[in-house]
Each structure stands twice: as structure tokens, then as C-alpha cells.
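In our numbering, the protein residues as written are 11 to 199. Backbone N, C-alpha and C define an ideal beta-carbon position, used for all residues, glycine too. What you are looking at is a predicted structure, and each value in this text was computed from that prediction instead of being measured. Presented below is the structure to which this report refers.
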């Protein structure tokens with residue numbers, strides 16, 4: 011049975027870096043929303059308008075799911091790095107996976123706010139093409155921060171709660187940030 015890995019965490023938690031490593035480890039296909047948005051729509055963006063952005067994110071996610079659905083039908087695991095700010099968004103994708111006969115698991119990256127803010131500032135400065143899609147400003151960070159809904163214990167059943175700790179373990183986390191995997195073994199969904 012194929013698996014859909016739903017990677018979530020607030021801005022700067024390391025979702026894309028983690029998703030790259032997870033996809034390699036699981037031999038899965040990764041879909042990250044930021045490169046899709048940057049490639050398809052960033053050149054058309056003259057000013058930040060939330061409604062405009064949300065409409066295009068929805069279009070990208072619909073196309074991503076069309077491809078992911080085909081991969082799941084072939085038995086290929088999929089890693090979704092789509093932000094997943096809200097419970098409803100995560101649940102929507104869990105249901106899509108289950109409808110395809112796949113298993114869906116949430117991997118929650120739980121990193122303290124100040125560490126995430128520092129990571130975003132560093133990412134803005136370094137502009138590493140593997141993880142940098144666009145500059146995240148202070149107001150953008152604060153906006154997402156106010157909207158992020160921490161996954162419930164029920165959402166994490168069969169998934170993973172990953173908390174950030176100290177730097178240095180390249181094997182666990184290629185960015186140089188070390189993570190500790192705290193598996194929630196309460197049972198399967």
C-alpha cells in the first residue's frame with residue numbers, strides 16, 4: 011500500500027529540507043508548493059494580494075494531486091510539502107489519499123518560534139535554491155504564524171512529531187539542523 015506523507019509545520023520549521031530527506035529515504039516523489047508557485051506565478055505577481063495567491067495555490071494543489079493520484083495508483087509513495095497550515099487542509103489530503111487506497115500519515119515539524127524566525131532570516135540571506143523560493147518578510151511570517159493550527163494527537167496517529175534540537179547531524183537532516191524523531195505510536199488511523 012502506498013503512503014502519502016503530509017509534512018506540516020509553521021513557517022521556517024524546515025518542511026522542504028525535511029521533505030527532501032524523507033523522499034530520498036522512502037524512495038518517494040516529493041511535491042513542494044513553493045517551487046510550483048514561483049515557477050508558474052511569481053513572474054505575474056506585481057503586489058502581494060492574498061486572494062490572488064490563494065486561488066493560484068489551489069490550482070497548483072489540484073494539479074499536484076492529479077499527478078500524486080497517478081503515482082499512488084502505481085504504488086509509489088508521495089511526500090506532500092504543501093504548507094498544511096490548517097487541520098481542514100491536512101484532513102482534505104488525508105481523505106484524498108484514503109480514497110485512492112493509500113495510507114496517509116502526518117509528519118509534524120515542531121520548532122520554537124524564535125528558531126524558525128532565525129531560519130527564515132538566514133534563508134532570505136543565503137537564498138539556497140534547494141529551499142529558497144521567495145523572501146518571507148516579517149509580516150508574512152506573523153500572518154502564517156497566526157493561522158497555523160498545531161496537529162491534534164488524533165491527526166498524528168501513525169505519524170511523527172519531530173522536534174528541532176541542536177545542529178550537526180547531517181544524516182538525519184541534510185541542512186545541518188539536527189532533529190529528534192518522536193514517533194507517536196498510539197495506533198493506526
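Practice task
List in chain order: all unbroken beta strand (DSSP E) runs of 3+ residues lying wholly within the segment 20 to 80.
Solution key: As summarised for the segment 20 to 80, the continuous beta strand (DSSP E) elements at least 3 residues long and confined to that stretch are 39 to 42, given in chain order.
Problem - Proximity of residue 30 and residue 115 at Cβ, strictly below 8 Å - result: In the chain shown, counting from the first residue as 1, residue 30 sits at position 20. In the chain shown, counting from the first residue as 1, residue 115 sits at position 105. No, these two residues do not count as a Cβ contact at 8 Å.
Handout entry: Nearest residue (CA-CA) to residue 96, options 165, 137 and 132
Key = Here residue 96 is taken as the residue at index 86 of the chain shown, counted from 1. For residue 96, the nearest C-alpha among the options comes from 165.
Handout entry: Nearest-angstrom Cα separation, counted from residue 163 out to residue 192
Key = Counting from 1 along the chain shown, the entry for residue 192 is found at position 182. Counting from 1 along the chain shown, the entry for residue 163 is found at position 153. Note on residue 192: pLDDT 43, under 50, position unreliable in the model; no value is reported.
Problem - Within 8 Å, strictly: CB atoms of residue 121 and residue 33 - result: Working through the chain shown from its first residue, we reach residue 121 at position 111. Working through the chain shown from its first residue, we reach residue 33 at position 23. Between residue 121 and residue 33, the CB-CB gap reaches or exceeds 8 Å.
Exercise for the section: Buried or exposed for residue 147, please, with buried defined as at least 16 other CB atoms from any protein chain shown within 10 angstroms of its CB. Expected result: In the chain shown, the residue the question calls residue 147 occupies position 137. Only exposed fits residue 147, as fewer than 16 other CB atoms lie within 10 angstroms of its CB.
Problem - Cβ pair count under 8 Å reaching 3, the segment 32 to 48 against the segment 84 to 92 - result: Verdict: yes, contact present.
Exercise for the section: Classify residue 137 as helix, strand or coil using the three-state DSSP reduction. Expected result: Position 127 of the chain shown holds residue 137. DSSP places residue 137 outside both helix and strand once states are collapsed to three, so it counts as coil.
Handout entry: Same chain, Cβ closer than 6 Å to residue 161, neighbours up to 5 away in sequence not counted
Key = Working through the chain shown from its first residue, we reach residue 161 at position 151. Taken in chain order, the residues that qualify are 116 and 118.
Exercise for the section: With distances taken Cα to Cα, identify the nearest neighbour of residue 139 among 26, 64, 168 and 159. Expected result: Position 129 of the chain shown, counting from 1, holds the residue named residue 139. Out of 26, 64, 168 and 159, 26 has the C-alpha closest to the C-alpha of residue 139.
Practice task
From the DSSP output, in three-state form, read off residue 94 for me.
Solution key: The count along the chain shown starts at 1 and reaches residue 94 at position 84. Residue 94 carries a coil assignment under DSSP once its states are collapsed to helix, strand and coil.
Handout entry: Contacts around residue 46, its chain only, beta-carbon distance under 6 Å, and the 5 residues preceding and following it disregarded
Key = Sequence index remark: in the chain shown, residue 46 carries index 36 (1-based). The beta carbon of residue 46 sits closer than 6 Å to the beta carbons of 70 from its chain, once the five residues preceding and following it are set aside; these are given in chain order.
Practice task
Indicate whether residue 39 and residue 107 have their beta-carbon atoms separated by less than 8 Å.
Solution key: In the chain shown, the residue the question calls residue 39 occupies position 29. In the chain shown, the residue the question calls residue 107 occupies position 97. Not a contact, by the Cβ cut-off of 8 Å.
Exercise for the section: Could you check if residue 21 is buried or exposed, using at least 16 other CB atoms within 10 Å of its CB as the buried criterion? Expected result: To locate residue 21, count along the chain shown from 1; it is residue 11. The residue is buried, with at least 16 neighbouring Cβ atoms inside 10 Å.
Handout entry: Through-space distance from residue 18 to residue 87, alpha-carbon basis
Key = Position 77 of the chain shown, counted from the start, is the residue given in the question as residue 87. Position 8 of the chain shown, counted from the start, is the residue given in the question as residue 18. Put simply, the backbone Cα of residue 87 is about 17 Å away from that of residue 18.
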